[in-house]
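First up is the structure itself, then whatever we jot down about it.
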Amino acid sequence: MNIHITCTPEITNTLIIDVCEELNASKGVLNFIASDILSQSQLNKIDKNFNKIKTIDSVSFNDLFKICDGFRNLNDINDDEFVVVLTSIRNQLNWFSACEKRNIFIDTNDWDKFTGKNPKYGICYQVIENIFQSLIGINYENAGRHPNVHFEKDGCINDFCKKKLDVAFKLRMADICDKCQQEAEKFNVDIDIMNHIQDIMENIRKNVRKLNTNENIKLEKVTIDRKGNIRIGKKIVDMKELPSTLFIFFLNHQQPISKTTLKRYFNKILGIYEKVDGRGNSKTIEKLIDPNGKAFRQNKWSANHAISQLLKESVVGYYIIDEVEGNKYFISLSQEYKEIDDNLTLF
Ligand SMILES: [Zn+2]
2 MNIHITCTPE
12 ITNTLIIDVC
22 EELNASKGVL
32 NFIASDILSQ
42 SQLNKIDKNF
52 NKIKTIDSVS
62 FNDLFKICDG
72 FRNLNDINDD
82 EFVVVLTSIR
92 NQLNWFSACE
102 KRNIFIDTND
112 WDKFTGKNPK
122 YGICYQVIEN
132 IFQSLIGINY
142 ENAGRHPNVH
152 FEKDGCINDF
162 CKKKLDVAFK
172 LRMADICDKC
182 QQEAEKFNVD
192 IDIMNHIQDI
202 MENIRKNVRK
212 LNTNENIKLE
222 KVTIDRKGNI
232 RIGKKIVDMK
242 ELPSTLFIFF
252 LNHQQPISKT
262 TLKRYFNKIL
272 GIYEKVDGRG
282 NSKTIEKLID
292 PNGKAFRQNK
302 WSANHAISQL
312 LKESVVGYYI
322 IDEVEGNKYF
332 ISLSQEYKEI
342 DDNLTLF
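In terms of the numbering used here, the sequence shown is residues 2 to 348.
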C-alpha cells in the first residue's frame with residue numbers, strides 16, 4: 002500500500018526524506034514515498050485563497066484536507082492510497098494531526114522538543130497512528146467520541162494526547178491495546194499491515210531510546226524504604242500498591258522476565274506486596290501475574306505513567322518497566338542507582 006508524503010511550501014525536502022527513510026527502515030507492506038513539496042503555484046491552483054497561506058495564522062481542517070485532495074488530483078493518486086501533508090501552518094484546533102478517509106495532515110511544529118533534536122520520530126509516529134486510525138474508521142469528526150480513542154492514557158497508539166509530551170509516552174510504549182487490536186480484526190485490517198505498523202512502532206521506539214542513551218544524562222538514585230515508598234532523588238513517586246509492587250520487583254531483578262515466567266516469582270512478588278500493602282492477598286497477585294489477564298498491563302502502565310509524570314523525558318527510559326527482546330520486561334537502571342531496603346529484597 003502506497004503512502005505519499007508531501008508538504009506545504011515552507012517545509013524543507015529534507016524532512017520528507019528523513020521521515021520516509023525512518024518509516025521505510027522496517028520492511029513490510031506499507032510503502033512510504035517521498036513526494037515533491039507542494040509549490041505555492043500548485044497551492045494557488047487548489048484554491049486561490051491559499052496564495053497567502055504562509056501569512057495565515059491558522060487554517061481549518063477542511064482547508065488542510067482540501068490540500069491533500071488537491072495533491073491527490075495533481076498527481077493522479079488512487080483513492081485507496083494514503084496522502085500525508087506535513088505542514089507548519091497551525092490548524093484551528095491545534096491538533097498534532099488528523100485524518101479523513103485516506104487523507105492525513107501532520108503539524109510539524111515543536112516535535113524536536115520532545116524527542117530531543119530530531120523532530121522526525123514524532124512525525125513518523127503520527128503517520129502510522131493516522132494510518133491505523135483511518136483503517137479502523139476513526140476520523141477527525143468522530144475522534145472525540147469514538148470508543149477506541151482513549152482519553153485516559155493507556156500507552157496505546159490510540160491515546161488522545163493533549164500534549165506532545167504525551168505522544169512521547171505512547172511512542173515509548175509502542176503498543177496497540179487488546180481493544181484496538183480487536184477493532185482492527187473487526188475492520189479486517191490485513192495482518193501484514195498490522196505487523197508492519199507494530200514493527201515500525203518498535204523501530205521508532207528503539208531509535209528514540211538510542212538517541213536518549215547518547216545524551217549526557219545525569220541519573221538520580223531510586224530509594225525504596227522498608228514500607229515500599231519510592232523516591233527518585235528527592236522526589237516522592239506517587240504510586241498505588243500494585244504498581245509499586247511490580248516496580249519494586251523489576252527493580253530488584255537484573256534480567257528481563259517474560260509475562261509467562263512471572264509465576265515462578267510468585268512468592269517474591271507476594272512478599273513485596275505484603276510489605277507495600279501492609280496485608281497482601283495471594284488472589285490479587287495471582288491476577289496480577291496472569292499472562293492472559295489485564296492486571297499486569299494496567300499496573301505496569303500505572304507505574305510507568307507515575308514515573309513519566311515526574312522525570313525529564315531524557316531520563317524516563319531508565320526508570321520505567323520497559324519491554325525488551327519481544328515481550329520481556331525489565332528496568333534498565335544500573336545497580337549503582339538503586340537503594341532498596343532489605344525488608345523488600347530478602348524473600
Ligand atoms: Zn487502544
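Glycine residues also receive a C-beta, built at the ideal position from the N, C-alpha and C atoms.
1) Closer than 8 Å is the cut-off here; do at least three beta carbon pairs connect the stretch 260-268 with the stretch 288-298?
2) So, is K121 buried or exposed, given that buried needs 16 or more other C-beta atoms within 10 angstroms?
3) For K67, tell me which candidate among K49, D58, D81 has the shortest Cα-Cα distance.
4) Run through the stretch 233-275 for me and flag every whole alpha helix (DSSP H) of 4 or more residues, listed as ranges in chain order.
5) Relative to ligand 1, is the shortest distance from any of its heavy atoms to the C-beta of D278 smaller than 8 Å?
6) Based on the DSSP secondary-structure assignment, which residues constitute the bridge partners of N92?
7) Indicate, with yes or no, if ligand 1 has a heavy atom lying under 8 Å from the CB of H1.
8) Quick check on A304: does DSSP put it in helix, strand or coil?
9) Rounding to the nearest angstrom, what Cα-Cα distance links A304 and E130 in this structure?
10) By Cβ distance, which residues of its chain are closer than 7 Å to W1, with the 5 residues on each side in sequence left out?
11) I'd like the list of long-range same chain contacts for M2, defined as Cβ closer than 8 Å, with 5 residues on each side in sequence excluded.
12) Can we say the stretch 129-146 touches the stretch 91-101, given the rule of at least three CB pairs closer than 8 Å?
13) Indicate, with yes or no, if ligand 1 has a heavy atom lying under 8 Å from the CB of K180.
14) In chain order, what residues of the same chain have a beta carbon less than 6 Å from the beta carbon of D155, not counting five sequence neighbours either side?
15) Who are the Cβ neighbours of G71 in its own chain at under 6 Å, not counting the five residues just before and after it?
16) If you count every other CB in all the chains shown that lies within 10 Å of the CB of S283, and 16 or more means buried, which is it?
17) Within the chosen definition, does the stretch 50-63 reach the stretch 215-233 through at least 3 CB pairs nearer than 8 Å?
18) Using CA coordinates, which residue listed in N189, I286, W302 is at the minimum distance from K264?
19) Could you tell me which uninterrupted beta strand (DSSP E) segments, each at least 3 residues in length, are contained entirely in the stretch 196-226, listed from first to last along the chain?
20) For I38, which of helix, strand or coil comes out of DSSP?
21) Do you know whose CA, among I308, L172, I341, D64, lies nearest I201's CA?
22) Using only the alpha-carbon positions, how far apart do V317 and D167 sit?
23) If you follow the alpha helix (DSSP H) that F344 is in, where does it begin and where does it stop?
24) Taking only three categories from DSSP, how would you classify N159?
25) Rounded to a whole number of angstroms, what is the C-alpha to C-alpha distance between S333 and V325?
26) Less than 8 Å between the CB atoms is what I'm expecting for I237 and F250, so what's the real figure, rounded?
27) How is D191 classed by DSSP in three states: helix, strand or coil?
28) Quick check on N119: does DSSP put it in helix, strand or coil?
29) Does ligand 1 have even one heavy atom less than 8 Å from the beta-carbon of N159?
To lay it out plainly:
1) Counting Cβ pairs under 8 Å, three or more are found: they touch.
2) Around the CB of K121, 16 or more other CB atoms lie within 10 Å, so the residue is classed as buried.
3) Answer by Cα proximity: K49.
4) Runs found: 242-253.
5) False, no ligand heavy atom lies under 8 Å from that Cβ.
6) N92 is bridged to V60.
7) Nothing about residue 1 can be read from this structure; the chain reaches only from 2 to 348.
8) Three-state result, A304: helix.
9) Taking the straight line from one Cα to the other gives about 24 Å.
10) Lying before the first or after the last residue shown, residue 1 is absent from the chain, which here runs from 2 to 348.
11) Closer than 8 Å at the Cβ level, and outside the excluded window around M2, lie V30, L31, N32, D81, E82, F83, I194.
12) Yes: the two stretches touch, three or more of their Cβ pairs being nearer than 8 Å.
13) Indeed, a heavy atom of ligand 1 lies less than 8 Å from the Cβ.
14) Excluding positions up to five away in sequence, the list reads C178.
15) Contacts found: I47.
16) Exposed.
17) Output reads no: the stretch 215-233 does not touch the stretch 50-63.
18) Considering only alpha carbons, the answer is I286.
19) Within the stretch 196-226, the complete beta strand (DSSP E) runs of at least 3 residues are 223-225.
20) In the structure shown, I38 sits in coil (DSSP, three-state: anything other than H, G, I, E or B).
21) Residue L172 is the option with its Cα nearest to I201.
22) In this structure, the straight-line span from the alpha carbon of V317 to that of D167 is close to 13 Å.
23) Strictly speaking, residue 344 in this sequence is Asn, with Phe absent from that position. No alpha helix (DSSP H) contains N344, which DSSP labels as neither H nor E.
24) Here N159 sits in coil by DSSP.
25) Inter-residue distance for S333 and V325 is about 10 Å (C-alpha atoms, whole angstroms).
26) Contact doesn't hold; Cβ gap of about 20 Å is too wide.
27) Annotated three-state conformation of D191 is coil, per DSSP.
28) In this structure, N119 counts as coil in the three-state DSSP scheme.
29) Relative to ligand 1, the nearest heavy atom lies less than 8 Å away from the CB of N159.
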